[in-house]
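Quick mapping for you: the protein sequence lines, in order, are chains S and X.
Our numbering numbers the first residue of the first sequence as 1 and each following residue consecutively.
Our numbering numbers the first residue of the second sequence as 1001 and each following residue consecutively.
No residue lacks a Cβ here, since even glycine has one placed at the ideal position from N, Cα and C.
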Amino acid sequence: MKNLFKYREAWLLLAIAVVVGLISTRFPAFARPDNLAQVFNDTSILMILALGQMVVILTRGIDLSMAANLCFTGMVVAMLNAAYPGIPIPLLIVIALAVGLVLGAINGLLVWRLDIPSIVVTLGTLTIYRGATFVLSGGAWVNADQMSPAFIGFQRAVVAGIPVLSWVAIGVIALFFVLMTRTALGRSIYAAGVNPTAAVYAGINVGRTQFVAFCISGMISGLCGYLWISRYVIASVEVANGYELNIIAACVIGGVSIAGGIGSVGGAVLGALFLGIISNALPVINISPFWQMAISGSAIILAVVLNARGERRQGRIILKKAEAR
Amino acid sequence: MSIWKKLLVTAAFSAAMVVNAAYADNVKIALVVKSLGNGFFDAANKGAEEAAKELGDVELIYTGPTKATAEAQIEVVNALIAQKVNAIAISANDADALVPALKKAMERGITVISWDSGVAPEGRQLHLNPSDTNLIGETIIKLAADYLPEGGDVAILSAASTATNQNAWIDAAKKVLPEKFPKINLVATVYGDDDSAKSTDEAKGLLKSYPNLKAIIAPTTVGVVAAAQVVTDEGLIGKVNVTGLALPSEFKKFIDNGASQAVALWNPIDLGYSAIYLAHDLAVKKEEAKPGATLSIGRVGTVTLDDTNSAAMAPPFQFDKSNIEEFSKIY
């Protein structure tokens, strides 16, 4: 048990359980399995995005352009669907992944080849991608009425009791788990973040690893572009405006260190779930909207404080061990 | 600053002066909207273009920030002052924050009017309401009540908790409730911030908190779509009626599938058209904006200013199964 609580994920799980418990005192139906399954479904997109962001943060980067990429890709698939309703959904998803990949690769190339800090690159591309969405659509919206039933219905179809959207999230989580813990790429992403110098000596191309990380976050944004648009059934320039901050917040709450190198798939997923539960629960427990914002904000700061303390302690322990030897 | 930069800046300035001189004969009227890329405002621009064509001597500038914030709009206004436009017609993101910038514009002799979403009286010469606040408040309740002969619980899903428009309408709605709609029970007012994701969360919250809810009233185009999609997804069509203010093109699907019986909205085309007419009245015809004055708004008719120099254009227009098809093609 003591060992278990060394892991940040266990603490987060406990925090989530406490929050759910607290909410249940005011709204008993909240903790029912069917409601929790719905919360999971509502949070799916944030979880998927948080995993993409995590990979970039692990390599000591940050991707501020994810929401803008999502908005652009979403507009592309929505317009394609409106113009050619016959395109099958799997093909549209491939297109979304490809468009997202291209936008992510632009970020990655600028960071890798021109050696510009990723925060600057993605701050720029964030504006560029939003602007491009405006140019592409001419400022017009794509409405629910223009989308085909298959386009909207895909993620809502229920398979084995839960919607496809949840299955997509589960699939992506599994994929990332394998990628981060069982592949050479996953290990080199950690290595590039923990100690870039040592990583170079170990034969890892740090720049290329960062490039690949941005490609991954781009593809994830592209996938979520389709998911978001078909979920909220409207494609406009305003889509997911400011959402990059929620994505980063989910990572931070999940224990992904902004300094790079530290973080896990489980942490990012739980961080997103924590935010999802809060935004799902606050409306049902009748709290004034002004307090809602304050509560969400406090949760983020609290998580960061705990996170920073946790990391510091970890550092000391390692040193003590080294001295003892 | 290097010599090259100085040269460039000088060149740019002289070019701007030449351009200014060339257009000196036309009245430059800027239609400033809350944010670009919003179907409602694009429709308003269509009306504005129509008015500009009718008036003949108007050079229309359609502009606004890409993000619907007061800060971004102040920058747009400052840029317009620098361009020396003749009139600014603005739909404001904040009633007070824009006052200093607009005052500066008026000091430079620019005609300033607000439309759609207003500015505090000291920051504009007149304000054109799309409709009368009381009328809208009554309409949004009536839209729900018409389909609830037995009465029942309803809830409001609004935009931001600070939105000038929505708050005024909701207050007006609450006022008419007890006397005109005694059977309608307003159980909650929640805020979706005009954001699809937040509005969806809030709508789901309403359905969970109030299992007997009969209608969700969303007096905002973003919220109403989100609420209708939630009702569709949760299989509550026929049990919960979604209504409020919606753009026909955006909302057609939900009238068709039965998630909503009827919604209302004013005509944004007429609104943009009227705003340009009023700006032209003041800037060119030198008419004075004072309480009681009657001003022309072209084909839409005339408006009379009240004590705060505000005027109402027309009552909201209702869309249901009979006419949504036709209007969804327009805006």
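Query: Residue nearest to Gln53/S in terms of C-alpha spacing, selected from Ile278/S, Ile277/S and Val269/S; Result: Val269/S
Query: Val1240/X burial status per 10 Å Cβ neighbour count (16 or more: buried); Result: buried
Query: Limits of the unbroken beta strand (DSSP E) element including Gly1000/X; Result: It is not possible to answer for residue 1000/X, since the shown part of chain X is limited to 1001 through 1331.
Query: Helix, strand or coil at Asn1026/X according to DSSP, with G and I counted as helix; Result: coil
Query: Sequence-distant residues of its chain with Cβ nearer than 7 Å to Thr209/S (five each side left out); Result: Thr59, Ser188, Ile189 and Ala192
Query: Ser1322/X (DSSP reduced to helix, strand or coil); Result: coil
Query: Neighbourhood of Ser1161/X by C-beta, 7 Å cutoff - its chain only, sequence neighbours within 5 removed; Result: Tyr1191
Query: Min CB distance Asp1320/X to chain S below 8 Å; Result: no
Query: For Trp1115/X, the residue or residues it bridges with in DSSP; Result: Leu1128/X
Query: For Ala1145/X, the three-state DSSP class (helix, strand or coil); Result: helix
Query: Own chain, CB closer than 8 Å to Glu1287/X, minus 5 neighbours either side, in chain order; Result: Asp1281, Ala1293 and Leu1295
Query: Neighbouring residues, chain S, relative to Ala1246/X (Cβ below 8 Å); Result: Correct list: empty, because the minimum Cβ distance to chain S is about 11 Å.
Query: DSSP three-state assignment for Val1099/X, whether helix, strand or coil; Result: helix
Query: Chain S within 8 Å of Lys1253/X, Cβ atoms only; Result: yes
Query: Bounding residues of the alpha helix (DSSP H) (the contiguous stretch that carries Ser257/S); Result: Note, Ser257/S: premise wrong, no alpha helix (DSSP H); not H, not E.
Query: Spatial neighbours of Ser230/S in its chain, beta-carbon cut-off 6 Å, leaving aside the 5 residues before and after; Result: Phe151, Ile152 and Gln155
Query: Nearest neighbour of Met79/S, chosen from Asn286/S, Asn41/S, Thr133/S and Gly203/S [CA to CA]; Result: Thr133/S
Query: Contact set between Glu244/S and chain X, taken where Cβ atoms lie within less than 8 Å; Result: By Cβ distance, chain X contributes nothing, its closest Cβ being about 13 Å from Glu244/S, past 8 Å.
Query: Tyr1331/X, DSSP secondary structure in three states; Result: coil
Query: Secondary structure of Lys1290/X, DSSP reduced to three states; Result: coil
Query: Which residues DSSP lists as bridging Asn1185/X, in chain order; Result: Asp1153/X
Query: Other residues of its chain near Glu1250/X: CB distance less than 7 Å, five sequence neighbours each side excluded; Result: Gly1039, Thr1221 and Val1225
Query: Status (buried if at least 16 other CB within 10 Å, exposed otherwise) for Asp958/X; Result: Lying outside 1001 to 1331, the shown extent of chain X, residue 958/X is not represented and no answer is given.
Query: C-alpha gap between Pro90/S and Ala96/S, whole angstroms; Result: 10 Å
Query: The alpha helix (DSSP H) enclosing Ser1310/X, as first and last residue numbers; Result: Looking at the DSSP string, Ser1310/X is not in any alpha helix (DSSP H); the run it does join, the beta strand (DSSP E), is Ser1310 to Ala1312.
Query: Option nearest Gln1219/X by Cα separation, candidates Glu1107/X, Gly1137/X, Glu1150/X and Pro1268/X; Result: Note on residue identity: the sequence assigns Pro, not Gln, to residue 1219/X. Of Glu1107/X, Gly1137/X, Glu1150/X and Pro1268/X, the residue nearest in Cα terms is Gly1137/X.
Query: Chain S contact for Glu1071/X (CB, 8 Å cutoff); Result: no
Query: Endpoints, alpha helix (DSSP H) assigned at Val76/S; Result: Met66 to Ala83
Query: Contact list for the stretch 1046-1067 of chain X against chain S, Cβ threshold 9 Å; Result: Thr1066 and Lys1067
Query: Stretch-stretch touch, CB-based, cutoff 8 Å, three pairs: the stretch 1139-1147 of chain X with the stretch 1251-1269 of chain X; Result: yes
Query: Local Cβ density within 10 Å of Ala1024/X, reported as buried at 16 or more and exposed below that; Result: With a pLDDT of only 49 at Ala1024/X, under 50, the local geometry of the prediction cannot be trusted, and no value is derived from it.
Query: Cβ-based burial, Leu70/S [other Cβ within 10 Å; buried from 16]; Result: buried
Query: Same chain only: Cβ atoms within 8 Å of Leu227/S, ignoring 5 sequence neighbours per side; Result: Ser44, Ile45, Ile48, Gln155, Leu165 and Val168
Query: Residues that Tyr232/S contacts on chain X, provided the C-beta gap is smaller than 9 Å; Result: Ser1196, Ala1197, Ser1199, Thr1200, Val1225, Ala1226 and Gln1229
Query: Burial state of Gly267/S (16 or more Cβ within 10 Å); Result: buried
Query: Cβ pair Ala1092/X, Leu1098/X closer than 8 Å; Result: yes
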